[in-house]
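S.K.:
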Ligand SMILES: Nc1ncnc2c1ncn2[C@@H]1O[C@H](COP(=O)(O)OP(=O)(O)OP(=O)(O)O)[C@@H](O)[C@H]1O
Ligand SMILES: CC(=O)C(=O)O
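Residue numbers (the UniProt record's numbering): 1 to 616.
1. Where DSSP assigns a beta bridge to residue 553, which residues make up the other side?
2. Helix, strand or coil: which one does DSSP assign to residue 435?
3. Is residue 617 a contact residue of ligand 2, with contact defined as CB to any heavy atom under 8 Å?
4. Give every residue whose Cβ lies closer than 5 Å to any heavy atom of ligand 1, listed in chain order.
5. Out of 71, 84 and 90, which has the shortest C-alpha to C-alpha gap to residue 100?
6. By DSSP, does residue 280 sit in helix, in strand, or in coil?
7. Is residue 404 near residue 454, with beta carbons less than 9 Å apart?
8. Thinking C-beta only, is residue 549 closer than 9 Å to residue 140?
9. Taking its Cβ as the centre, do 16 or more other Cβ atoms sit within 10 Å of residue 588, making it buried, or is it exposed?
10. Under the assumption that residue 232 contacts residue 261 (Cβ atoms under 8 Å), give the Cβ distance between them as a whole number of angstroms.
11. Buried or exposed for residue 186, going by 16 or more other Cβ atoms inside 10 Å?
12. Along the chain, which unbroken stretches of the beta strand (DSSP E) at least 3 residues long are found entirely within the stretch 154-226?
13. What separation, rounded to the nearest whole angstrom, lies between the Cα atoms of residue 313 and residue 288?
14. Give me the DSSP bridge partner(s) of residue 291.
15. Check the C-beta distance from residue 493 over to residue 603 and give it rounded, since I have them as a contact under 8 Å.
16. Taking the alpha carbon of residue 467 as the reference point, which residue from 487, 571, 435 and 497 has its own alpha carbon closest?
17. Identify which residue in 500, 470, 364 and 351 has its Cα closest to the Cα of residue 618.
18. For residue 39, which of 27, 25, 16 and 24 has the nearest alpha-carbon?
19. For residue 200, does the count of other Cβ atoms within 10 angstroms reach 16, so buried, or fall short, so exposed?
20. Out of 569, 551, 571 and 110, which has the shortest C-alpha to C-alpha gap to residue 439?
21. Please state whether DSSP places residue 34 in a helix, a strand or coil.
22. Which first and last residues belong to the beta strand (DSSP E) in which residue 141 is found?
23. Examine the Cβ distances between the stretch 294-307 and the stretch 328-336 and report whether three or more of them are shorter than 8 Å.
24. Name the two residues that bound the continuous beta strand (DSSP E) containing residue 62.
25. From residue 533 to residue 254, what distance separates their C-alpha atoms?
26. Would you mind reading off the limits of the beta strand (DSSP E) that contains residue 372?
27. Output yes or no for whether 9 Å exceeds the beta carbon distance between residue 349 and residue 196.
28. CB of residue 375 to nearest heavy atom of ligand 2: below 8 Å?
29. Kindly list the residues whose CB is nearer than 8 Å to the CB of residue 358, restricted to its own chain and excluding five residues on each side of it in sequence; keep chain order.
30. Tell me the DSSP secondary structure of residue 613 in three-state form.
31. Residue 173 to residue 446, Cα distance in whole Å?
32. Please return the same chain residues whose Cβ sits closer than 6 Å to the Cβ of residue 584, not counting the five positions on each side in sequence.
33. Taking Cβ positions, are residue 59 and residue 128 nearer each other than 9 Å?
34. Quick one: using the 10 Å Cβ neighbour count with 16 as the cut-off for buried, is residue 229 buried or exposed?
35. CA-CA distance, residue 487 and residue 402?
36. Mind reading off the beta-carbon distance from residue 275 to residue 219? Whole number of angstroms is fine, and I expect it under 8 Å.
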């Protein structure tokens, strides 16, 4: 049986089910078809062996059957497929839960082993969904703004397959019901994707144009911004910030639509209407933003709207909250207060988009859980040619401090209308990774563009290429002077990776056991140049690590145990999930059971094979 042939290349994962029971095959096929997989079936190992010689499968599910020697034949099939197609993921299903058989299956190359129970078909389907989002080699992260172009379940699934790590919901657009719906869809599709809410802050926007038309402002024309409610046209439009007429003065310049349109204030009439002259004309649509760089605005973050949006963010248990128009640490203090009042705890990402934020950058960074270089507004608030210098400087300071940093806006802007970006845009994404950004972000490209999936796929390829050009150790190992003494562990692990490399013994991953995510971030700060598998029991911590470069969160499927057992279980789980291989050498970082209050204080060095041998 084959599902609908997909229209594009993001829905072509192929799976083969090998099971002697027709009823089991058909039940599982139906479940997998819902995951948009192309599903084939084989009744016997012999027919499966023939099918895999003729066709490539991404995933093969092998039911070992009730007893030996059938099980043995299934393991031989596993070995044969792995030899022929090493990238094929094999899931073994069996009633036999003996450790010896499980270990042997892993040795033969199985990615996972599911013990048959009443719910096994659902378990297999969930695992296959996970495996089909192929383990990406990319270490830096991709943030996608969700909008009307991508809010369907189908599109969201395609964004995930294409490489979205964090979904951004911009509270400047859309009703609460819409944000709630998108969140529910995302959570249904993935327990790993992080969701970031973005509060508007004291951003001034124009109101609606009549029938949401696009109007054109001609240079030299008069244009009025009014606090009176009305539907806009090419002569006048309303404002969503009623005190602006009191706060501007003749001679002030106002920029609309990310600076595409510039207006000079001539006079204010009746305390409500700002009469302006159009300096640079251009198109204008409903709800576009206004920047007033020289105006001392009285509004601060959080606004009343922000408070309502924060309550929603807490109710939806969002993983990050981006805070617009931050000017100092006090703004973050107030936002944090509102988050706590609403009964939540959400890491805050400060958006750097005001001139004042540049002056107060250090205090903002120290008070933030992450930084976003929000180049859209920043390039209007300060001279556009000054932005690249600040981008590099902010990223460098974040890297030094171990604070995750996102580079945002217009990264592949031309792909909103074209399947091919400009050469300069490709360079921009590449260079942001060389600068050291943990994540790169898409705005209109993924929210309202014509090619959202293609844009994410391309961004992922550019990022992977950029990472390949980085030196194996991204930095000269940083000094730990001035940091807490336990950060020496992060420094030490990075040094060990480098030393092992110089001997020709490559470390393939660091497995870090992390309760609150701190140790994984601390390891990432020293940019060891290999994936950090952050093993945690807390799904929220796992999602909040999605923003940090090199950190690959892994939700532990075992229950709490002492730290050394958790480390062993974590390596075995990483092996089952295809994150490490049998021949790999891994470093581990964890706490100890006899100093449970301490931070990470144990480093381990393991050959994965030894661990398997001792478990058998
Ligand atoms: N929830 C949404 N619904 C509809 N369109 C959206 C949504 N989110 C974003 N968009 C569209 O994508 C464009 C770019 O998204 P982005 O989040 O950068 O918004 P913005 O309005 O430019 O700004 P800001 O980030 O300053 O709030 C928006 O101008 C809007 O047209
Ligand atoms: C992302 C955003 O808000 C900006 O670039 O202005």
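C-beta: ideal position from N, C-alpha, C; glycine also.
M.R.: Inspection of the coordinates gives the following:
1. In the chain shown, residue 553 corresponds to position 553, counting from 1. Partner(s): 534.
2. The residue you call residue 435 lines up with position 435 of the chain shown. Three-state result, residue 435: helix.
3. Shown here, the chain extends from 1 to 616; a query on residue 617 therefore has no answer.
4. Going along the chain, the residues that qualify are 145, 147, 148, 170, 172, 173, 174, 443, 444, 447 and 448.
5. For this step, residue 100 is matched to residue 100 along the chain shown. Of the candidates 71, 84 and 90, the one whose C-alpha sits nearest the C-alpha of residue 100 is 71.
6. In the chain shown, the residue the question calls residue 280 occupies position 280. Strand, per DSSP.
7. Taking the first residue of the chain shown as 1, we reach residue 404 at position 404. Taking the first residue of the chain shown as 1, we reach residue 454 at position 454. In this structure, residue 454 does not lie closer than 9 Å to residue 404 by Cβ.
8. Working through the chain shown from its first residue, we reach residue 140 at position 140. Working through the chain shown from its first residue, we reach residue 549 at position 549. For residue 140 and residue 549, yes; Cβs fall inside 9 Å.
9. Within the chain shown, residue 588 is the residue found at index 588, counting from 1. It is buried - the Cβ of residue 588 has at least 16 other Cβ atoms within 10 Å.
10. The residue given as residue 232 occupies position 232 in the chain shown. The residue given as residue 261 occupies position 261 in the chain shown. The pair is not a contact, with the Cβ atoms about 13 Å apart (cut-off 8 Å).
11. Working through the chain shown from its first residue, we reach residue 186 at position 186. It is buried - the Cβ of residue 186 has at least 16 other Cβ atoms within 10 Å.
12. 166-170, 194-199, 215-217 and 222-226, all fully within the stretch 154-226.
13. What you label residue 313 is simply residue 313 of the chain shown in a count that begins at 1. What you label residue 288 is simply residue 288 of the chain shown in a count that begins at 1. Those two C-alpha atoms are separated by around 23 Å.
14. Indexing the chain shown from 1 puts residue 291 at position 291. Residue 291 is bridged to 255.
15. As a working mapping, residue 493 is identified with position 493 in the chain shown. As a working mapping, residue 603 is identified with position 603 in the chain shown. Sure, about 6 Å apart at Cβ, within 8 Å.
16. Here residue 467 refers to the residue found at position 467 of the chain shown. Of 487, 571, 435 and 497, the residue nearest in Cα terms is 435.
17. As shown, the chain starts at 1 and ends at 616. That puts residue 618 outside it, with no answer to give.
18. Here residue 39 refers to the residue found at position 39 of the chain shown. Out of 27, 25, 16 and 24, 16 has the C-alpha closest to the C-alpha of residue 39.
19. In the chain shown, the residue the question calls residue 200 occupies position 200. Burial call: buried.
20. As a working note, residue 439 is residue 439 in the chain shown. With distances taken between Cα atoms, residue 439 lies closest to 551.
21. Within the chain shown, numbered from 1, the residue matching residue 34 stands at position 34. Residue 34 falls in the coil class under three-state DSSP.
22. Taking the chain shown and counting its residues from 1, the one referred to as residue 141 is at position 141. Unbroken beta strand (DSSP E) run through residue 141: 141-145.
23. Yes, the stretch 294-307 touches the stretch 328-336.
24. Looking up residue 62 in the chain shown gives position 62. Per DSSP, residue 62 belongs to the beta strand (DSSP E) from 59-63.
25. Within the chain shown, the letter at position 533 stands for residue 533. Within the chain shown, the letter at position 254 stands for residue 254. Each residue's Cα considered, the two are about 48 Å apart.
26. The residue labelled residue 372 in the question sits at position 372 within the chain shown. Taken as a continuous stretch (DSSP letters only), the beta strand (DSSP E) holding residue 372 covers 370-374.
27. As a first step, residue 349 must be located in the chain shown, where it is residue number 349. As a first step, residue 196 must be located in the chain shown, where it is residue number 196. Contact: yes.
28. Start at 1 with the first residue of the chain shown, and residue 375 comes out as number 375. Within the cutoff, so yes.
29. Taking the chain shown and counting its residues from 1, one reaches residue 358 at position 358. The residues are 352, 382 and 390.
30. Your numbering for residue 613 matches position 613 in the chain shown. Residue state, collapsed to three classes: helix.
31. For the purposes of this step, residue 173 is taken as residue 173 along the chain shown, with counting starting at 1. For the purposes of this step, residue 446 is taken as residue 446 along the chain shown, with counting starting at 1. Going from the Cα of residue 173 to the Cα of residue 446 covers about 14 Å.
32. Along the chain shown, read from residue 1 onward, the residue named residue 584 stands at position 584. Only 508 and 608 meet the Cβ criterion.
33. In the chain shown, counting from the first residue as 1, residue 59 sits at position 59. In the chain shown, counting from the first residue as 1, residue 128 sits at position 128. Yes.
34. To locate residue 229, count along the chain shown from 1; it is residue 229. For residue 229, the number of other beta carbons within 10 angstroms of its own is below 16, and it is reported as exposed.
35. For the purposes of this step, residue 487 is identified with residue 487 of the chain shown, where counting begins at 1. For the purposes of this step, residue 402 is identified with residue 402 of the chain shown, where counting begins at 1. Distance between the alpha carbons of residue 487 and residue 402 is about 11 Å.
36. On the chain shown, residue 275 is found 275 positions in, with the first residue counted as 1. On the chain shown, residue 219 is found 219 positions in, with the first residue counted as 1. With a beta-carbon spacing of about 16 Å, residue 275 and residue 219 fall beyond the 8 Å limit used to define contacts.
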